[in-house]
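Quick notes on the structure that follows.
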Amino acid sequence: MKILIVGGVAGGASAAARARRLDEKAEIILFERGEHISFANCGLPYHIGGVIPERESLLVTTPSAMREKFAIDVRIRNEVVKIDRSKKELLVKDLNSGQTYSESYDYLVLSPGAAAIKPPISGIDLPGIFSLRNLEDMDRIKAAVKGKTSAVVVGGGYIGLEMTESLRHIGLEVTLVELANQVMGPADPEMATMLHTEIKMHSVNLRLGQSVTSFTENGNKLRVILSSGDKIDTDAVIMAIGVRPENQLARDAGLDIGITGGIKVDSHMQTSDASIYAVGDAVEVKDLMTGKPALIPLAGPANRQGRIAVDNIFGVKREYRDTQGSAVCKVFDLTFAMTGLSEKQAVKNAIRHDKIYVHPANHASYYPGATSISLKMIYDPDTGRVLGAQAVGLDGVEKRIDVLAVAIRGGMTVYDLEELELCYAPPYGSAKDPVNYAGFVAANLLRGHSEHFHAAEVAALKPDQKLLDVRTLEEVQAGMIPGAMHIPLHELRKKISELSTEKEYMIYCQAGLRGYLAYRILKQHGLRASNLDGGYKTYCMLNQTAVYDKSNMSDDAGSEAEVDKAAVVASDVKIVKTLDVSGLQCPGPISQLRKAIDAIEKGQAVEILSTDPGFAADVPAWCRSTGHQSLSV
């Protein structure tokens, strides 16, 4: 048997290795028009940023290693320019010699990948404008930014965000331009607000809702002209607005192309020609959650598709069971991850759903270093089946999304999440893992033990609905929803008589738990009530206020107010106490701050250590409302 494979990296290289493992005698030829057949393309931004120092570490395998280990005929800088399906032949051009030749096949596997989208913008071909798809692109960008001071990244997806971080890591001033009103397009908008804050906190000039209209030269700089009319002079531009399938070879051969532009394949990865298979970023897949055709270019699925295609060639009947879009991205100190259905996908596809938000700690809060995870879960309100999840946090995010990815693939319900037995020790998790916790909250709703309302509904409450804040006074002083009445949870039972049976009390706390406790108290006293899902924290995420708005992190609204500890001491303000509130659950951090402030004298200062970006905004707001001064954040 003779198998030809067009393209390497995740799909093609996996197919070649699998083919050799299944048949030692098969003739296997791998064509790659570039210099490298298998490299870690997901690591390219991190080499540019110096996090991965050695270029060679990005080479997963080399042509010589592939030949020696698998006895595969690897032909780099050989471009397949035509498929003759009637003769079962390829026309190949040797890019070194310029000569063309033919190669016959019994089976053909296409893995041409995807190309960076190049929009028709005036000046797009000017020197200094790059995209990032391979090692050569990486080398060009790395050389171009060496010794420079600024860069503009166009596009706020995975590559755009990773490039933004990497360029800041090597000291460049970075502007990130994104056409949408949020970065990380697959995410729901409120989940992206935490990323916006993180990006701004690392001194990135974030331009949302804007596009590039043209590029020009301005001396030795590039000038980027935005739809707002603003002009940004910069040393380099990285275009990261997405990719499109490399389908021209397949299209010219008359293979079916899907409605998304990807090569159309069946569940065996077989194209419209029984002798030709296709895998990777170039193929159209079926979205596991919507059942609709989609382009979901991810390395994991590409690897599996390569194996499945070859298995079917050798008679091992296997099916590719759709793509659910599990993905993760590092955004400076935060991690964002998601799997399955987003809320906006559910709305777009008219899929019945409900959602919950939880903000638990990544591990036992009493163990040092605990930080919160903001987790959103989408589920079917009729069956409880888990449909999707997104999470943002400093640590432990991908672990929880991986668990939920398995739950989705297995058709599990929120009731199943309640029963999951996950690893627990204080440094790694809690006895009630965040995944368990999400299951508890959703299951309580489905069982009728709780009722909730969402932050988006706050602006349209009915006349007989009244917001009730059950947080502590210190928390309320740091910010509250306008129009809410305040009764701390510990006083609620004593003040039940002050509440009216004519009202429905729309309860909220900081993250949801105390609101649920208050809900249970009111319901069992015969009052109407509902709990704000995810509490004030989720409300702020949706409204991009308070906890997630960097403008609230300073008493000086017109400046960054970056005052370091040395400057504080130099100005005769003595730091007399350092308070570490990392990992404390609400209302712990604010309560500890109040106690510390009460214990010091006028003119003295408290230094606070926290890993919660929300708390970083709470402190200045609390100081303003209590007559204290926030010196720096």
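For my numbering, count along the sequence shown from 1 and bump the result up by 3.
The beta-carbon is built from N, C-alpha and C at its ideal position, and this holds for glycine as well.
Predicted model, so just to flag it, every value in this text is computed and none were measured.
When the Cα atoms are used, what is the spatial distance from residue i to residue j?
i: Ala285; j: His172; result: 32 Å
i: Met292; j: Ile603; result: 56 Å
i: Met204; j: Thr178; result: 13 Å
i: Arg21; j: Glu610; result: 58 Å
i: Gly328; j: Asp405; result: 11 Å
i: Ser345; j: Pro189; result: 7 Å
i: Leu93; j: Met69; result: 22 Å
i: Ser60; j: Asn306; result: 19 Å
i: Ile484; j: Asp398; result: 29 Å
i: Ala458; j: Gly518; result: 14 Å
i: Leu582; j: Ser217; result: 50 Å
i: Val579; j: Gln595; result: 15 Å
i: Ala434; j: Asp419; result: 16 Å
i: Ala570; j: Lys577; result: Below a pLDDT of 50, predicted positions are generally treated as unreliable, and Ala570, at 47, falls in that range; the measurement from the model is reported next regardless. Their Cα atoms are separated by approximately 11 Å.
i: Tyr360; j: Gln468; result: 22 Å
i: Ser278; j: Phe443; result: 50 Å
i: Asp357; j: Pro384; result: 6 Å
i: Lys598; j: Gln480; result: 15 Å
i: Val566; j: Ile235; result: Caution applies to Val566, whose pLDDT of 40 falls short of 50 and renders its modelled position unreliable; the value that the coordinates give is listed next. Whole-angstrom Cα-Cα distance: 28 Å.
i: Ala428; j: Ser41; result: 39 Å
i: Ile202; j: Asn208; result: 8 Å
i: Gly174; j: Val155; result: 13 Å
i: Ser67; j: Asn81; result: 15 Å
i: Met341; j: Gly391; result: 8 Å
i: Ile316; j: Tyr110; result: 7 Å
i: Asp621; j: Val63; result: 46 Å
i: Leu516; j: Gly163; result: 36 Å
i: Ile8; j: Ala19; result: 7 Å
Around the C-beta of residue i, are 16 or more other C-beta atoms found within 10 angstroms, so that it is buried, or is it exposed?
i: Ser169; result: buried
i: Val12; result: buried
i: Val350; result: exposed
i: His493; result: exposed
i: Asp559; result: For Asp559, the predicted model reports a pLDDT of 38, less than 50, meaning its position is unreliable and no value from the coordinates is stated.
i: Glu401; result: buried
i: Ala462; result: exposed
i: Pro304; result: buried
i: Glu507; result: buried
i: Gly430; result: Sequence inspection shows Pro at residue 430; the Gly mentioned does not correspond to that position. Exposed: under 16 other Cβ atoms inside 10 Å.
i: Asp436; result: buried
i: Lys568; result: Model confidence at Lys568 stands at a pLDDT of 47, short of 50, so the residue's coordinates are unreliable; what they give is reported in the following sentence. Exposed, since its Cβ has fewer than 16 Cβ neighbours within 10 Å.
i: Pro48; result: buried
i: Ile504; result: In the sequence on display, residue 504 carries Thr and not Ile. Under this definition Thr504 is an exposed residue.
i: Cys332; result: buried
i: Asp601; result: exposed
Measuring CB to CB, does residue i end up less than 8 Å from residue j?
i: Ser17; j: Arg388; result: no
i: Ala3; j: Gly537; result: This structure does not reach residue 3, given that the chain is present from 4 up to 636, and the question cannot be answered.
i: Val95; j: Phe34; result: yes
i: Val395; j: Leu337; result: yes
i: Lys5; j: Tyr108; result: yes
i: Asp276; j: Leu258; result: yes
i: Ile144; j: Ala256; result: no
i: Asp238; j: Thr152; result: yes
i: Ile132; j: Ile244; result: no
i: Ile241; j: Val334; result: no
i: Pro638; j: Gly222; result: The question about residue 638 has no answer here: the residues shown for the chain are numbered 4 through 636.
i: Ala441; j: Met380; result: yes
i: Met488; j: Leu471; result: yes
i: Asn137; j: Gly37; result: yes
i: Ser635; j: Leu612; result: no
i: Ile262; j: Ala253; result: no
i: Phe456; j: Leu530; result: no
i: Ser453; j: Tyr511; result: no
i: Thr114; j: Gly14; result: Per the sequence shown, residue 114 should be read as Ser rather than Thr. In contact: Ser114 and Gly14 (Cβ atoms closer than 8 Å).
Rounded to whole angstroms, how far is the Cβ of residue i from the Cβ of residue j, which I believe are closer than 8 Å?
i: Ala446; j: Val417; result: 5 Å
i: Asp325; j: Asp290; result: 7 Å
i: Ile499; j: Val473; result: Ile499 to Val473, Cβ: 13 Å. No contact.
i: Leu378; j: Arg403; result: 6 Å
i: Asp76; j: Ile32; result: 4 Å
i: Gln393; j: Met194; result: 5 Å
i: Gln308; j: Met272; result: 5 Å
Does any residue of chain D bring its CB to less than 8 Å from the CB of residue i?
i: Val156; result: In the displayed structure, chain D is absent; only one protein chain is listed.
Say the cut is 7 Å; is the CB of residue i nearer than that to a heavy atom of the ligand NAD?
i: Asn184; result: The ligand content of the structure shown is nil, which means the ligand NAD is not present either.
- [ ] Ignoring anything shorter than 4 residues or poking outside the segment 194 to 250, list the alpha helix (DSSP H) runs there in chain order.
- [x] none
Open item on the list: Runs of 4 residues minimum, wholly inside the segment 141 to 182: which ones carry the alpha helix (DSSP H) assignment?
Closed with: 161 to 172
TODO: Would you list, in sequence order, the uninterrupted alpha helix (DSSP H) runs of no fewer than 4 residues that lie entirely inside the segment 368 to 425?
DONE: 400 to 412, 417 to 422
Task: Length-filtered (3 minimum) beta strand (DSSP E) runs lying within the segment 40 to 65 - done: 62 to 64
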